[in-house]
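Some notes on the structure that comes next.
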Amino acid sequence: MDDSKFAEFEITREESRGVREEARALRAALRDHRELLRLARVEAAMARAELVAKRANQSPLNGKIDLDQSRRTLGGCFDAMSDKPPAKPEVKPPESDEARRSIIEEYAADLRELTRKLRQKLNS
Numbered sequence: 001m002d003d004s005k006f007a008e009f010e011i012t013r014e015e016s017r018g019v020r021e022e023a024r025a026l027r028a029a030l031r032d033h034r035e036l037l038r039l040a041r042v043e044a045a046m047a048r049a050e051l052v053a054k055r056a057n058q059s060p061l062n063g064k065i066d067l068d069q070s071r072r073t074l075g076g077c078f079d080a081m082s083d084k085p086p087a088k089p090e091v092k093p094p095e096s097d098e099a100r101r102s103i104i105e106e107y108a109a110d111l112r113e114l115t116r117k118l119r120q121k122l123n124s
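As numbered in full-length UniProt numbering, residues 1 to 124 make up the sequence shown, in order.
As structure tokens, then:
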């Protein structure tokens with residue numbers, strides 16, 4: 001077999017070392033990107049948790065217990081004790097739709113901000 005055919009495919013030790021160093025650098029960059037993605041996931045989870053907390057603070061009950069609702073939830077055992085007729089379901093005022101829309105818009109803005117920060121980190 002003629003070795004001259006394969007001479008163009010032979011690499012020197014320096015080239016081999018350069019390829020290994022480049023591979024190490026790429027693995028390090030991949031680790032950094034994975035870490036950034038993990039941090040972005042944590043930040044997104046924290047933003048979701050804050051949004052849930054905001055929603056809980058904006059609920060109509062706001063930590064109060066509606067006894068009529070709890071009686072309906074527990075079943076008919078309290079009905080005999082109550083002189084009051086069962087309450088009609090409450091109709092949501094239009095403000096609640098606006099509040100819900102504003103919460104969703106805040107959440108979307110937070111996600112856009114997190115995405116922007118992640119892109120900046122990945123590009124730098």
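Beta carbons are placed, not taken as given, at the ideal position from N, Cα and C, and that holds for glycine.
Between residue i and the rest of its own chain, which residues show a CB-CB distance below 6 Å, the 5 nearest in sequence each way excluded?
{"i": "Arg-17", "result": "none"}
{"i": "residue 127", "result": "Residue 127 lies beyond the residue range present for the chain, which begins at 1 and ends at 124; the question has no answer from this structure."}
On the three-state DSSP scale, how would you describe residue i?
{"i": "Phe-78", "result": "Reliability fails at Phe-78, whose pLDDT of 45 lies under 50, so the model's placement of it is uncertain and no value is given."}
{"i": "Glu-113", "result": "helix"}
{"i": "Glu-10", "result": "coil"}
{"i": "Ser-102", "result": "helix"}
{"i": "Ser-124", "result": "coil"}
Just to confirm, are residue i and residue j a CB contact at a threshold of 7 Å?
{"i": "Leu-122", "j": "Glu-43", "result": "no"}
{"i": "Ala-40", "j": "Leu-118", "result": "yes"}
Can you confirm whether residue i, when its beta carbon is compared against all beta carbons of chain C, has any partner nearer than 7 Å?
{"i": "Val-42", "result": "Here chain C cannot be found, since the structure has a single protein chain."}
Going along the chain, which residues of its own chain have a beta-carbon closer than 7 Å to the beta-carbon of residue i, five neighbours each way excluded?
{"i": "Lys-54", "result": "Ile-103"}
{"i": "Glu-106", "result": "none"}
Specify whether the stretch 10-24 and the stretch 95-102 touch according to this definition: at least 3 beta carbon pairs, one from each stretch, less than 8 Å apart. By the Cβ criterion, the stretch 10-24 is not in contact with the stretch 95-102, since fewer than three pairs of Cβ atoms, one from each stretch, lie closer than 8 Å.
Are at least three pairs of beta-carbons, each pair with one atom in the stretch 106-124 and one in the stretch 41-53, less than 8 Å apart? In this structure the stretch 106-124 touches the stretch 41-53; the number of beta carbon pairs closer than 8 Å is three or more.
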